[in-house]
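Below you'll find the structure, written out as structure tokens, and then a few comments.
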Amino acid sequence: MHKNIEWAEIARYVSGNSSIEESKRLKNKMESDETYKKLVEEARMAWNISGKKAGAWNMDKAWDDVRQRLEDMDEMEATGKSRTVNKMKSRPNKRSLNYMIRVAAVVVISAATGILLYRPDVTTSSKPQQEQVQKELVAKKGEQKRFQLSDGTLITLAADSKIRLSPQYQAGSREVYLEGEAFFDVASNPDRPFKVHVGETTTEVVGTQFNIIFYPGDEDVRVVVVEGSVGLQAHESDKQVLIKPGELGKYSADHLLTVQKVNLNNYMGWMDGKLVFDNQPLSKVVIRLERWYGLSFNIEDTAIKERKLTAAFNLRQPLEEVLDAIAISLDLTYVKNDRSFTFQQ
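So our numbering is basically just the index in the sequence shown, starting at one, shifted up by 1115.
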């Protein structure tokens, strides 16, 4: 890892705010240094996910703010000062310079683009389990599982999710019942439509790729299409909306069916080992952290529950680094107690 990376320069470049001279200088660095090139590409990915426009922020000020915050932390550690009274609050500790640079890089990109991006050091894809006589497929908290059904359909279950197959699945009716989140790669068969029942809705396809989200407690059923087209229908109505690639279909708590264009990266990141937050309040962030890490996350002060986070984390990144980055980005601290973490002001 480079120790003297101009993160502000990189952020200006990926956002279109760099001068011609600066842009040329950075391109030369990329051509001569493969590692540096990868860093720039990762920063560009963060920018693209965030959907920001040039001129919407002051990168130099953002970097100065982050640098000052890191210096303040170093000073606190050097003098032994701390805001804690009877507990140890977990702040980003002074580890190696490389570590601090990594966290600083993440936070400065967050300040500039509104998104935190960790590099996907490792992404693995396990072979799908062949569905035999299983009637229920389950992924526990902290797990992601992939299954292949008898007709060739592939289902990837996100953490804390389960699917129940209809008793007649192999014989004829391709119907499943979802609780949680799952990605479907449906084997095409015009004579046997594939139906997913979730909440008060049914999603029907012939052969396509799509993602459905509806956990207990969720207000909306959300369907995102990657390939093909999907029909979404409420049980109480004959009306069906057609969802095309790059679109989100939603059935809301007030019984409305809507379709809108979305950034697929915000919904499909988990398939690539990333946990993506798109302007989500901390109250929703901790729920997803619990699902994916299988630990307990709490918020001590209700005043910070609505602080918004837009972020993309690698699920194989050490949890402490993820929490450090969130804490810096939202100006928080957190307390660790065995398998429980609590965010505080």
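Glycine residues also receive a C-beta, built at the ideal position from the N, C-alpha and C atoms.
Please read all numbers here as calculations on a predicted model, not as lab measurements.
Delimiting residues of the alpha helix (DSSP H) encompassing residue i
| i | result |
| --- | --- |
| E1469 | Nothing in the structure corresponds to residue 1469, since the chain is present only between 1116 and 1460. |
| E1435 | 1434-1444 |
| E1258 | No alpha helix (DSSP H) holds E1258; DSSP gives it neither H nor E. |
| L1141 | 1135-1147 |
| Y1382 | 1380-1383 |
Burial state of residue i, where buried means 16 or more other Cβ atoms lie within 10 Å
| i | result |
| --- | --- |
| D1353 | exposed |
| D1067 | Since the displayed the chain opens at 1116 and closes at 1460, residue 1067 lies outside it and no answer follows. |
| D1416 | exposed |
| L1404 | buried |
| G1384 | buried |
| L1371 | exposed |
| Q1245 | Confidence in Q1245 is poor, its pLDDT being 44 and thus under 50, which makes the residue's placement too unreliable to answer from. |
Residue span of the beta strand (DSSP E) that contains residue i, given as start and end
| i | result |
| --- | --- |
| R1337 | 1336-1342 |
| D1393 | 1389-1396 |
| V1450 | 1448-1452 |
| L1252 | 1251-1254 |
| T1316 | 1316-1320 |
| L1347 | 1345-1349 |
| V1377 | Unbroken run through V1377: none, as it is neither H nor E. |
| R1307 | It is not in any beta strand (DSSP E) - R1307 carries neither H nor E in the DSSP assignment. |
| T1425 | 1423-1429 |
| Q1324 | 1324-1329 |
| E1121 | Here E1121 belongs to no beta strand (DSSP E), and DSSP marks it neither H nor E. |
| T1064 | Given that the chain is displayed from residue 1116 to residue 1460, the structure contains no residue 1064 and the question cannot be resolved. |
| G1364 | 1362-1366 |
Cα-Cα separation, residue i to residue j
| i | j | result |
| --- | --- | --- |
| G1454 | V1129 | At residue 1454 the sequence reads Arg, which differs from the Gly that was named. So the alpha carbons of these two residues sit roughly 38 Å apart. |
| P1207 | R1406 | Note on P1207: pLDDT 46, under 50, position unreliable in the model; the coordinate value appears next. The alpha-carbon atoms of P1207 and R1406 are separated by roughly 23 Å. |
| A1254 | K1277 | 6 Å |
| V1301 | A1273 | 17 Å |
| Q1382 | Q1263 | What sits at residue 1382 in the sequence shown is Tyr, not Gln. Using only the alpha carbons, I get a separation of about 22 Å. |
| Q1432 | L1445 | 19 Å |
| V1336 | E1137 | 46 Å |
| K1420 | I1414 | 7 Å |
| K1260 | T1271 | 6 Å |
| R1307 | G1388 | 32 Å |
| S1288 | T1318 | 14 Å |
| L1397 | K1144 | 38 Å |
| A1126 | A1158 | 7 Å |
| L1379 | M1386 | 11 Å |
| E1121 | S1147 | 16 Å |
| A1427 | E1149 | 23 Å |
| Y1366 | Y1151 | 44 Å |
| I1135 | L1154 | 20 Å |
| F1329 | L1293 | 8 Å |
| L1390 | Y1284 | 32 Å |
| S1410 | N1452 | Sequence inspection shows Leu at residue 1410; the Ser mentioned does not correspond to that position. Rounded to the nearest angstrom, the two C-alpha atoms are 11 Å apart. |
| I1327 | K1139 | 43 Å |
| V1450 | R1422 | 18 Å |
| L1269 | Q1460 | 44 Å |
| V1437 | F1299 | 29 Å |
| S1265 | A1286 | 10 Å |
| L1434 | F1412 | 12 Å |
| I1358 | A1418 | 38 Å |
| A1074 | I1443 | It is not possible to answer for residue 1074, since the shown part of the chain is limited to 1116 through 1460. |
| W1282 | L1252 | Here residue 1282 turns out to be Pro, not Trp, going by the sequence shown. Approximately 13 Å between the Cα atoms of the pair. |
| G1267 | S1303 | 9 Å |
| D1275 | Q1395 | 19 Å |
| G1343 | Q1375 | 16 Å |
Contact check, residue i vs residue j, beta carbons under 8 Å
| i | j | result |
| --- | --- | --- |
| F1325 | V1313 | no |
| E1101 | E1290 | The structure shown does not extend to residue 1101, since the chain spans only 1116 to 1460, so no value can be given for it. |
| I1441 | L1424 | yes |
| Y1408 | G1295 | no |
| V1356 | L1347 | yes |
| V1377 | G1364 | no |
| L1280 | K1250 | yes |
| A1297 | E1334 | no |
| V1400 | F1392 | yes |
| E1156 | L1141 | no |
| V1345 | T1323 | yes |
| V1321 | P1331 | no |
| L1447 | F1456 | no |
Short CB-CB distance (under 8 Å) between residue i and chain C
| i | result |
| --- | --- |
| D1300 | No chain C appears in this structure, which consists of one protein chain only. |
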